[in-house]
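Just below is one structure, and these are the notes that go with it.
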Amino acid sequence: MISAPLYAADPETTFHRFADFYRESAYSAFPQDHRAGGSFGVTMMKVDQEPIDFIDAPMPDLVFCRGDTETVNALIDCGDGPVISGRLFRGFTVYPANTACRTLVPHSHSLTQLALPVAALTAEMRSAGITLDGSSFGPWIGRINVPPISTSRLMDRMWQVLQNPSNTDHLLLDGLTLQFLAELSGAGDLAPLGGARPEDERIVRVIDYIEAHYEEALSIGELAAVACLSPGHFSRTFKATVGAPVWTYVTRRRCERAKEMLLTTRFSIAEIAYRCGFANQGHLTRLCNEHFGTTPGAIRQSALS
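Letter by letter, the sequence shown follows residues 9 to 313 of the working numbering.
Here it is as structure tokens:
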């Protein structure tokens, strides 16, 4: 083991985002891949590290850290005393915001990390029963455990979505972020709360808005504002009323509109993709396959036969 921890950066240096800290501190020596997107300010990274024993600078981000390789005798200290893990695969911990934390890993390892700015999200998450001051994630703060499989899959899905951000994927990422936080905090998975009325005029208003703006970039925050609800409350109410998460509904409507245009217009497939809110023709093709089991070209050909 490394005998004494080192400060990863000058203790007097202030970092405004976790990603900046990784790029500008001693961690910059390690190979790393950064991605960011969505209206909640999500940043993610994958990094391959040699043995470390660092004290990280306090930052205004709540950081969710998952080991992607086997970890043995890792040490975490978030100010409440050191905790040493046993042998774990995909060990997971949460680092609180505005706290200098020590991390010791005595061997080479790989990580996936997700960071969220606490100040920007606390008010928006409160209605979902989540706080980002750390209290919602007590069992994970400065502890190394194995996360539920579903939570780990959400983390992987968010990374995948961030690979090719698009108008649709911004909306998807917002929904996945809410679900990830709710599940990990024990606040539920944003499933229906009960009591939502099918004729709920707030959701009808949102559906009308989606129909008028489906070709534009949409976000959970924007649609929640149309409903006059917080993002968390809106997500649950929409699912309870419509029977599907909002990002699933929007994607389905975009696909249905694209299919209609393929059958009734002479626009090119690339133009239809643009007019229906997809990032490009390939994005439309992938989602048409998922929803209809066929390609846009095949749908158009069926109209000509």
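In this text, a Cβ means the ideal position worked out from N, Cα and C, and glycines have one as well. Quantities reported herein were computed from a predicted structural model and do not represent experimental measurements.
Could you tell me the distance, in whole angstroms, from the CA atom of residue i to the CA atom of residue j?
{"i": "residue 312", "j": "residue 180", "result": "34 Å"}
{"i": "residue 69", "j": "residue 123", "result": "6 Å"}
{"i": "residue 32", "j": "residue 20", "result": "14 Å"}
{"i": "residue 217", "j": "residue 244", "result": "18 Å"}
{"i": "residue 30", "j": "residue 41", "result": "11 Å"}
{"i": "residue 161", "j": "residue 254", "result": "19 Å"}
{"i": "residue 215", "j": "residue 282", "result": "20 Å"}
{"i": "residue 208", "j": "residue 235", "result": "10 Å"}
{"i": "residue 75", "j": "residue 261", "result": "37 Å"}
{"i": "residue 237", "j": "residue 183", "result": "15 Å"}
{"i": "residue 297", "j": "residue 303", "result": "6 Å"}
{"i": "residue 103", "j": "residue 138", "result": "16 Å"}
{"i": "residue 152", "j": "residue 188", "result": "18 Å"}
{"i": "residue 54", "j": "residue 94", "result": "23 Å"}
{"i": "residue 213", "j": "residue 287", "result": "26 Å"}
{"i": "residue 355", "j": "residue 266", "result": "Since the first and last residues shown for the chain are 9 and 313, residue 355 lies out of range."}
{"i": "residue 280", "j": "residue 256", "result": "20 Å"}
Label residue i either buried or exposed according to how many other C-beta atoms from any shown protein chain fall within 10 Å of its C-beta, with 16 as the threshold for buried.
{"i": "residue 47", "result": "buried"}
{"i": "residue 16", "result": "buried"}
{"i": "residue 301", "result": "exposed"}
{"i": "residue 291", "result": "buried"}
{"i": "residue 97", "result": "exposed"}
{"i": "residue 294", "result": "exposed"}
{"i": "residue 285", "result": "buried"}
{"i": "residue 158", "result": "exposed"}
{"i": "residue 116", "result": "exposed"}
{"i": "residue 24", "result": "exposed"}
{"i": "residue 251", "result": "exposed"}
{"i": "residue 276", "result": "exposed"}
{"i": "residue 79", "result": "buried"}
{"i": "residue 193", "result": "buried"}
Tell me the residue span of the beta strand (DSSP E) that contains residue i.
{"i": "residue 53", "result": "50 to 57"}
{"i": "residue 70", "result": "69 to 75"}
{"i": "residue 64", "result": "60 to 64"}
{"i": "residue 79", "result": "78 to 80"}
{"i": "residue 103", "result": "100 to 103"}
{"i": "residue 45", "result": "40 to 45"}
{"i": "residue 84", "result": "83 to 85"}
{"i": "residue 97", "result": "95 to 97"}
Helix, strand or coil: how does DSSP classify residue i here?
{"i": "residue 110", "result": "strand"}
{"i": "residue 115", "result": "coil"}
{"i": "residue 285", "result": "coil"}
{"i": "residue 203", "result": "Annotation note: pLDDT 42 at residue 203 (below 50); position unreliable, no value reported."}
{"i": "residue 147", "result": "helix"}
{"i": "residue 20", "result": "coil"}
{"i": "residue 138", "result": "coil"}
{"i": "residue 120", "result": "strand"}
{"i": "residue 126", "result": "helix"}
{"i": "residue 92", "result": "strand"}
In the DSSP assignment, the alpha helix (DSSP H) including residue i goes from what residue to what residue?
{"i": "residue 214", "result": "209 to 221"}
{"i": "residue 263", "result": "254 to 272"}
{"i": "residue 229", "result": "228 to 235"}
{"i": "residue 26", "result": "26 to 32"}
{"i": "residue 246", "result": "239 to 250"}
{"i": "residue 169", "result": "157 to 171"}
To the nearest whole angstrom, what separates the beta carbons of residue i and residue j, a pair I think is in contact under 8 Å?
{"i": "residue 101", "j": "residue 150", "result": "7 Å"}
{"i": "residue 112", "j": "residue 60", "result": "7 Å"}
{"i": "residue 67", "j": "residue 105", "result": "7 Å"}
{"i": "residue 26", "j": "residue 71", "result": "6 Å"}
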